[in-house]
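Participant: One structure, pasted below without further comment.
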Amino acid sequence: MDHTRETEEEALLNDIASMLAAFEKERANLIPILQMIQERHHYLSASALQMVAKHLGVSGCEVYGVATFYNQFRFYPPGKHRIRVCLGTACHLRGGDIILENFERKLGIKEAETTADREFSIDRVACVGCCALAPVAIIDDTVHGHMAPSKVEGLILGFEIEKQREKRGKQHGESKQ
Amino acid sequence: MVRLVVDNRQIETEEGATVLQACLDNGIYIPNLCYLKEMDSPPGSCRLCLVEVDGYNQPITSCTIKVKEGMIVKTNTEHVRRLQRTAFELLLSVHHVDCRRCPANRSCELQRIAKYLHLGVKLKRFEQLERRVKIVQDHPCLEYVPSRCVLCGRCIFMCQRENGQAMLSFARRGLDTVISFFGEGDKARATCGQCYACVEACPVAALLIRNAHSQ
Ligand code: SF4
Ligand code: FES
Ligand code: FES
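Order-wise, the sequence lines are chains A and B. So that you can map any letter, position 110 of the first sequence is 107 in this note's numbering, and since no number is skipped, the others follow by simple counting. So that you can map any letter, position 58 of the second sequence is 268 in this note's numbering, and since no number is skipped, the others follow by simple counting.
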C-alpha cells in the first residue's frame, strides 16, 4: 500500500514538474499554478507546494500561506467516497452545521480532510440547489435530503458493509481459482 | 528638521519620520502593536495608534502618516480613546489571558496598553472566543502559541529583513489565522535558530525559543 502511494506521489510530482515549465517564474503566477495543480490532481501535497516555491523562488511558507487562505484548495487527496455537506443559507438554518459535525465526529476528521485509509473525505459546499430538502448532504453522486444526525451512522455503516462484502467476494473468487 | 505640535507640546523630528515614530522618540507614548521603526510601509493593522490631526476629519493611524511642518496632532481625544479601547477589547477577546503563567508577564505589550488605556485585561464587553486552532509544532527551534498571538506580523517582517526571505508567514484566515513555518525544510533549518529576530519582535510571547521556558 505504502509503496503504491510513493509511486503515486512520484507520478504526481513528475506531472507537476512538466507543467511548471510553462509558467514563468513570477510571483504573480503563484495562484494560477496552484489552481492548475488542484485541477489536475484535486489536492496540493506538501511536496507539490515545495516544488512550486522552488520554481518561483519564494519560501515554502509563503506558498502555503497563500494556498491556505483560499477555500478552493485542498491539502488532502479526495477520499474514495466524497461526502459534501451543504452549508448554504437554507441548510445552515436547518442545522447543516450539526450534520457536518456528526460526519466529522464519526470519521474522526475535519472538513476538507480525508481519512487515513482514504475511504472518506468531507467537504462543505454552499447551496447545491435543492434547498427544499434542507439540510442536504451529497455522498458521491447521491443527494441525501432531510438529513438528520441520526442518519450519519447508518450511511457510513452502509459503505463499510459494502466494502466488506466486496472483500469477501474477492476472497471467494480467489479461493475458487 | 520638521516641527510639529503634539498635545500642545512642540517637538522636532527628522523629515520623513512617521508621526508615531516622532512621538515615541519624544517620549510621547501612543499605543501600537503592529509597527516597527524599521518598516518602510507599516501594515497599519492593529488600529491602536490612532491620533487626530488638524485637517483630517477622522482619527488616523499615526504609523502610516508622515510628519509635516506645523502639523497639529492630538493623541488623547475622547474619539481616539474610544476607538482605541474598542480595538483593544476586540484583540483581547480572542487572546488567551493567563498572565500569571505567561512568560511575557510584565513585559507584555498588551499589559502595557491595558494600563495606558485604563482597562483591565479581563474584559466583558465582547464575548471571549477561544481560538482553538490545531497546529503542528514542527519547528526545530521555535515554539508558537496561537492563543496568544495577536497576528501583528512583526515576526514575519523581521524574518524577511534578517534573512531576505521570510521563513514564517500567515496561514489560513479569519479566526483560524496562524503563523506558520510550513516547509521549514532542510535549507531553512540551517539558517533558522541564529537570529531569533522574530522572538524578539513578538510583543506577547507567542513565539518562543523552544525548550527555553517551561509550559
Ligand atoms: S507570533 Fe508574535 S510577532 Fe508574530 S504575529 Fe503573532 S504576536 Fe505578532
Ligand atoms: S442551502 Fe443547501 S441546498 Fe440550498
Ligand atoms: S501601530 Fe499603527 S496600526 Fe498598528
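Glycine residues also receive a C-beta, built at the ideal position from the N, C-alpha and C atoms.
(1) In the DSSP assignment, what are the bridge partners of Cys175/A?
(2) Using a C-beta cutoff of 8 Å, does Phe100/A count as contacting chain B?
(3) Residues in the stretch 255 to 267 of chain B with C-beta within 8 Å of chain A's C-beta atoms, listed in sequence order?
(4) Got a sec: does ligand 2 put a non-hydrogen atom nearer than 7 Å to the Cβ of Val133/A?
(5) Examine ligand 1 and report whether any of its heavy atoms sits within less than 7 Å of the Cβ of Leu301/B.
(6) May I ask you to check if the CB of Val82/A is nearer than 7 Å to at least one heavy atom of ligand 2?
(7) To the nearest angstrom, report how far apart Thr139/A and Phe72/A are at their CA atoms.
(8) Report yes or no: is there a C-beta of chain A within less than 8 Å of the C-beta of Arg311/B?
(9) Within the same chain, show all residues whose beta-carbon is closer than 8 Å to that of Asp217/B, passing over the 5 residues directly before and after it, in chain order.
(10) With Leu417/B as the anchor, note down where its beta strand (DSSP E) starts and where it stops.
(11) Leaving out the 5 sequence neighbours to the left and right, which residues in its chain are closer than 6 Å to Leu333/B when beta-carbon positions are compared?
(12) Heavy atom of ligand 1 less than 7 Å from the Cβ of Arg364/B, yes or no?
(13) May I ask you to list the residues that DSSP assigns as paired with Leu260/B?
(14) Any chance the CB of Thr86/A is under 7 Å from a heavy atom of ligand 2?
(15) Where does His169/A sit, in a helix, a strand or coil, going by DSSP?
(16) So, using beta-carbon positions, are Cys259/B and Ile275/B closer together than 8 Å?
(17) If I measure Cβ to Cβ from Ala381/B and keep anything under 8 Å in the same chain, skipping five residues before and after, which residues do I get?
(18) Check this for me: beta carbons of Gly57/A and Leu41/A, under 8 Å apart or not?
(19) Looking only at C-alpha atoms, which of Met249/B, Asn242/B, Cys405/B, Val304/B sits nearest to Gly384/B?
(20) Determine, for Ala381/B, whether the minimum Cβ-Cβ distance to residues of chain A falls below 8 Å.
(21) Quick one: list the residues of chain A neighbouring Ser390/B, beta-carbon separation under 9 Å, in chain order.
(22) Could you tell me whether the Cβ of Met377/B comes closer than 8 Å to any Cβ of chain A?
(23) Tell me the start and end of each unbroken beta strand (DSSP E) in the stretch 25 to 62 of chain A that is at least 3 residues and wholly inside, in chain order.
(24) Taking 8 Å as the CB-CB limit, is Asn68/A close to chain E?
(25) Can you grab the Cα-Cα spacing for the pair Thr203/A / Cys124/A, in whole Å?
(26) Please confirm whether any heavy atom of ligand 1 lies closer than 7 Å to the CB of Cys369/B.
(27) Using DSSP bridges, identify the partner residues of Arg79/A.
(28) Measure the alpha-carbon distance for Ala25/A versus Pro146/A and round it to whole angstroms.
(29) Tell me whether Leu246/B, by its Cβ, gets closer than 7 Å to a heavy atom of ligand 3.
(30) Taking the alpha carbon of Asp94/A as the point to measure from, which residue in Ala134/A, Phe117/A, Phe66/A, Ala50/A has its own alpha carbon closest?
(31) Could you have a look at Glu101/A and say whether DSSP puts it in helix, strand or coil?
(32) Mind checking Gln231/B: buried by the 16 CB within 10 Å criterion, or exposed?
(33) Compute the Euclidean distance between the alpha carbons of Val290/B and Val49/A, then round it to the nearest angstrom.
(34) Can you tell me which of Arg364/B, Ile366/B, Arg335/B, Ser317/B puts its alpha carbon nearest to the alpha carbon of Arg295/B?
(35) For Arg257/B, which residues from the same chain have a beta carbon less than 6 Å from its beta carbon, with the 5 sequence-adjacent residues on both sides left out?
Facilitator: Straight from the coordinates:
(1) With chain A covering only -2 through 174, there is no way to say anything about residue 175/A.
(2) Here residue 100/A is taken as the residue at index 103 of the first sequence, counted from 1. No, Phe100/A lies away from the interface with chain B (no Cβ there is under 8 Å from its Cβ).
(3) So the list is empty, because no residue satisfies the distance condition.
(4) Position 136 of the first sequence holds residue 133/A. Val133/A Cβ: within cutoff of ligand 2.
(5) Taking the second sequence and counting its residues from 1, one reaches residue 301/B at position 91. Checking every heavy atom of ligand 1 against the Cβ of Leu301/B, none is found closer than 7 Å.
(6) Reading the first sequence from its first residue, position 85 is the one you call residue 82/A. No.
(7) On the first sequence, residue 139/A is found 142 positions in, with the first residue counted as 1. On the first sequence, residue 72/A is found 75 positions in, with the first residue counted as 1. Going from the Cα of Thr139/A to the Cα of Phe72/A covers about 24 Å.
(8) If you number the second sequence from 1, residue 311/B lands on position 101. False, the Cβ-Cβ gap to chain A never drops below 8 Å.
(9) Taking the first residue of the second sequence as position 1, residue 217/B is located at position 7. Closer than 8 Å at Cβ, skipping near neighbours: Ile238, Val283, Lys284, Thr285, Asn286.
(10) Numbered from its first residue, the second sequence carries residue 417/B at position 207. Looking at the DSSP string, the run of the beta strand (DSSP E) that includes Leu417/B is 417 to 419.
(11) If you number the second sequence from 1, residue 333/B lands on position 123. Taken in chain order, the residues that qualify are Glu299, Leu302.
(12) Reading the second sequence from its first residue, position 154 is the one you call residue 364/B. Arg364/B: yes, Cβ under 7 Å from ligand 1.
(13) Within the second sequence, the letter at position 50 stands for residue 260/B. According to DSSP, which records beta bridges pairwise, Leu260/B is partnered with Thr271/B.
(14) Sequence index remark: in the first sequence, residue 86/A carries index 89 (1-based). The answer is yes for Thr86/A.
(15) Along the first sequence, read from residue 1 onward, the residue named residue 169/A stands at position 172. Under the three-state reduction of DSSP, His169/A is assigned to helix.
(16) If you number the second sequence from 1, residue 259/B lands on position 49. If you number the second sequence from 1, residue 275/B lands on position 65. No. Outside cutoff.
(17) As a working mapping, residue 381/B is identified with position 171 in the second sequence. The answer, listed in chain order, is Thr387, Val388, Ile389, Ser390, Phe392.
(18) Residue mapping note: residue 57/A aligns to position 60 of the first sequence, counting from 1. Residue mapping note: residue 41/A aligns to position 44 of the first sequence, counting from 1. Taking 8 Å as the Cβ cut-off, Gly57/A and Leu41/A do not qualify as a contacting pair.
(19) As a working note, residue 384/B is residue 174 in the second sequence. Closest option to Gly384/B, Cα to Cα, is Val304/B.
(20) Position 171 of the second sequence, counted from the first residue, corresponds to residue 381/B. By this cut-off, Ala381/B is an interface position.
(21) Counted from its first residue, the second sequence places residue 390/B at position 180. Near Ser390/B (Cβ distances below 9 Å), the residues of chain A are Cys58, Tyr61, Gly62, Thr65.
(22) Here residue 377/B refers to the residue found at position 167 when the second sequence is read from its first residue. Taking Cβ atoms only, chain A reaches closer than 8 Å to Met377/B, which makes this a yes.
(23) none
(24) In the displayed structure, chain E is absent; the protein chains listed are A and B.
(25) With chain A running from -2 to 174 in the structure shown, residue 203/A is simply not present.
(26) In the second sequence, counting from the first residue as 1, residue 369/B sits at position 159. Checking the Cβ of Cys369/B against ligand 1 gives no.
(27) Sequence index remark: in the first sequence, residue 79/A carries index 82 (1-based). According to DSSP, Arg79/A bridges with Ser118/A.
(28) Within the first sequence, the letter at position 28 stands for residue 25/A. Within the first sequence, the letter at position 149 stands for residue 146/A. Those two C-alpha atoms are separated by around 44 Å.
(29) In the second sequence, counting from the first residue as 1, residue 246/B sits at position 36. False, no ligand heavy atom lies under 7 Å from that Cβ.
(30) Here residue 94/A refers to the residue found at position 97 when the first sequence is read from its first residue. Cα-wise, what sits closest to Asp94/A is Ala134/A.
(31) For the purposes of this step, residue 101/A is taken as the residue at position 104 of the first sequence. In the structure shown, the three-state DSSP call for Glu101/A is helix.
(32) Working through the second sequence from its first residue, we reach residue 231/B at position 21. The residue is buried, with at least 16 neighbouring Cβ atoms inside 10 Å.
(33) Here residue 290/B corresponds to residue number 80 of the second sequence, with the count starting at 1. Here residue 49/A corresponds to residue number 52 of the first sequence, with the count starting at 1. In a straight line, the C-alpha of Val290/B is about 45 Å away from that of Val49/A.
(34) What you label residue 295/B is simply residue 85 of the second sequence in a count that begins at 1. Looking at the Cα atoms, Arg335/B is the closest of the given residues.
(35) Position 47 of the second sequence, counting from 1, holds the residue named residue 257/B. These residues qualify, in order along the chain: Ala297.
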